[in-house]
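This report refers to the structure that appears directly beneath it.
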Amino acid sequence: MPSTSRHRASRDGYHPIRVSIEFFPPKTDEMEKILWASIERLAPLQPSFVSVTYGAGGSTRERTHNTVARMVRETNLKPAAHLTCVDATRAEIDAVVQSYWDAGVRHIVALRGDPAEGVGQAYRPHPEGYATTAELVAGIKRIGDFKVSVSAYPEKHPEAASLDADIDALKAKVDAGADQAITQFFFENEVYLRYLEKVRAAGITIPIIPGILTVQNFKQAANFARRTGASVPYWLAARFEGLDDDVETRRLVAAAVAAEQVLDLVDEGVKDFHFYSMNRSDLVYAICHLLGLRSQAPAKPAAKAA
Numbered sequence: 000m001p002s003t004s005r006h007r008a009s010r011d012g013y014h015p016i017r018v019s020i021e022f023f024p025p026k027t028d029e030m031e032k033i034l035w036a037s038i039e040r041l042a043p044l045q046p047s048f049v050s051v052t053y054g055a056g057g058s059t060r061e062r063t064h065n066t067v068a069r070m071v072r073e074t075n076l077k078p079a080a081h082l083t084c085v086d087a088t089r090a091e092i093d094a095v096v097q098s099y100w101d102a103g104v105r106h107i108v109a110l111r112g113d114p115a116e117g118v119g120q121a122y123r124p125h126p127e128g129y130a131t132t133a134e135l136v137a138g139i140k141r142i143g144d145f146k147v148s149v150s151a152y153p154e155k156h157p158e159a160a161s162l163d164a165d166i167d168a169l170k171a172k173v174d175a176g177a178d179q180a181i182t183q184f185f186f187e188n189e190v191y192l193r194y195l196e197k198v199r200a201a202g203i204t205i206p207i208i209p210g211i212l213t214v215q216n217f218k219q220a221a222n223f224a225r226r227t228g229a230s231v232p233y234w235l236a237a238r239f240e241g242l243d244d245d246v247e248t249r250r251l252v253a254a255a256v257a258a259e260q261v262l263d264l265v266d267e268g269v270k271d272f273h274f275y276s277m278n279r280s281d282l283v284y285a286i287c288h289l290l291g292l293r294s295q296a297p298a299k300p301a302a303k304a305a
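Letter 170 of the sequence shown, counting from 1, is numbered 169 in numbering that gives the first Met the number 0, and no numbers are missing.
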C-alpha cells in the first residue's frame with residue numbers, strides 16, 4: 000500500500016485527497032494546552048492548511064491572531080486566519096489584515112460573521128465597516144496577495160431568502176476575488192452534490208470544499224445543526240441512539256460515520272475536505288487513518304479531554 004499521506008484506498012483504487020482542519024482559539028490555559036497538543040498530533044498528516052476561527056462579534060480577534068502567528072513561527076503548517084466584518088470599522092479590519100500579512104500569514108477565511116449576541120440574532124453592519132463578505136474579500140485583496148476562502152451553504156444560510164439568493168451571494172464573493180469556498184457541514188452527501196451542480200450552473204468555478212463535522216457529542220451537534228440550518232437525518236440519530244453515556248463507543252461510531260461520508264464523496268470525484276475538529280485531535284486523527292492518510296513523522300499521543 001502506498002505510504003504517502005495523500006492517498007487512500009477508495010472503493011475502486013487509490014485516489015489523492017487533501018484535508019484541511021479547523022481549530023478555534025483557546026479561552027483558557029488548559030484549552031491552550033489541548034489545542035497545541037492537537038496541532039502537534041495532526042501536523043504530521045500534512046494538512047493542506049489549518050484554519051483558526053473568529054468568535055461572534057470578533058470577540059477572539061487577539062487570540063486568533065496570536066494562535067495563527069505562533070503557527071507561522073513554530074510549525075511548518077500553512078495557517079489560515081478567520082476574519083469577520085462584524086462590529087468593526089474598515090480601518091480596524093484593514094489593520095488586522097495588514098498585521099496578518101506582516102506576520103507571514105497568506106491565507107484568510109473571510110466571513111460576514113455572527114453578531115456578538117450569537118447565531119440567530121439580526122445582523123447589522125457597522126456604519127463605517129464592510130457591509131458584506133464580498134466587500135471584505137475585495138478589501139483583503141487590496142491590501143495583499145492573500146489566498147481568500149469564503150463560506151458556502153449547501154442548505155442555504157439561515158438568513159437567505161432562498162438557495163438561489165444564497166448562491167448569488169456566493170457569486171458576489173467570487174467576483175470580489177474569493178479563491179475557494181468551504182461549506183457549512185452537512186450529513187447527507189446528496190445535499191452537497193446537488194448544491195455543487197447548482198453552483199456550477201451559476202457559473203461559479205472555484206473549488207467548493209465540503210465541510211465535515213466530527214460529531215463529538217450528537218445532541219450538541221444536532222442542536223448546532225438546527226441553529227445553522229443544517230438538516231439532521233434520522234439515520235444519523237439512530238447511529239448514536241443509546242450512546243449518551245458511552246463516550247468510547249460514541250467516538251468509534253463518529254469516526255466511522257465521518258469516514259464513510261468522505262469515502263462516498265471521494266467516489267464522486269471530490270478530493271478536498273475540511274474537518275471541523277472542535278480542537279480534539281483523537282477523532283480527526285482516527286478518521287484520517289481510516290481514510291488512509293499516514294503521518295510523515297511519529298504521531299504524538301492524543302491529548303486527554305479536560
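C-beta: ideal position from N, C-alpha, C; glycine also.
Inset, instruction - Assign Trp-35 to one of two classes, buried (16 or more other C-beta atoms within 10 Å of its C-beta) or exposed (fewer than that). - result: buried
Inset, instruction - Kindly give me the distance between the Cβ atoms of Pro-153 and Val-190, rounded to whole angstroms, as I take these residues to be in contact under 8 angstroms. - result: 5 angstroms
Inset, instruction - For the beta strand (DSSP E) holding Phe-274, just list the boundary residues, first then last. - result: 271-275
Legend entry - Residue burial classification, Arg-249 (beta-carbon count within 10 angstroms, cutoff 16): buried
Inset, instruction - Could you check the C-alpha separation between Gly-128 and Ala-151 for me, to the nearest Å? - result: 22 angstroms
Legend entry - For Ser-19, the nearest candidate out of Leu-289, Phe-272, Gly-291 (CA to CA): Ranking Leu-289, Phe-272, Gly-291 by Cα distance to Ser-19 puts Phe-272 first.
Inset, instruction - State yes or no: is the C-beta of Val-104 within less than 8 angstroms of the C-beta of Val-71? - result: yes
Inset, instruction - Go to Gln-179, then tell me how far its beta strand (DSSP E) extends in each direction, as first and last residue. - result: 179-182
Inset, instruction - Assign Lys-307 to one of two classes, buried (16 or more other C-beta atoms within 10 Å of its C-beta) or exposed (fewer than that). - result: Coverage of the chain is limited to positions 0 through 305, which leaves residue 307 absent and any answer about it impossible.
Legend entry - 4-residue-minimum alpha helix (DSSP H) runs that sit fully inside the segment 232-265, ordered along the chain: 233-239, 246-265
Inset, instruction - Pull up the DSSP beta-bridge partners for Pro-78, would you. - result: Val-49
Inset, instruction - Compare the Cα-Cα distances from Ile-107 to each of Lys-77, Val-85, Ala-87 and report the closest residue. - result: With distances taken between Cα atoms, Ile-107 lies closest to Lys-77.
Inset, instruction - Indicate whether Tyr-275 and Phe-185 have their beta-carbon atoms separated by less than 8 angstroms. - result: Taking 8 angstroms as the cut-off, the Cβ atoms of Tyr-275 and Phe-185 do not count as close.
Inset, instruction - Can you check DSSP and say which residues form a bridge with Leu-212? - result: Tyr-275
Inset, instruction - Please classify Tyr-233: is it buried, with 16 or more other beta-carbons within 10 angstroms of its beta-carbon, or exposed? - result: exposed
Inset, instruction - Please work out which residues of its chain come closer than 8 angstroms, Cβ to Cβ, to Glu-240, disregarding the five sequence neighbours upstream and downstream, and give them in chain order. - result: none
Inset, instruction - Kindly indicate which residue of Val-261, Gln-295, Ala-285, Gln-45 has the alpha-carbon position closest to the one of Glu-247. - result: Ala-285
Legend entry - Pick from Val-149, Asp-93, Ser-294 that is closest to Ala-79, judged by C-alpha positions: Val-149
Inset, instruction - Within its chain, find whatever has a CB closer than 8 angstroms to the CB of His-125; leave out the 5 residues flanking it on each side and keep chain order. - result: Cys-84, Val-85, Asp-86, Ala-87, Thr-88
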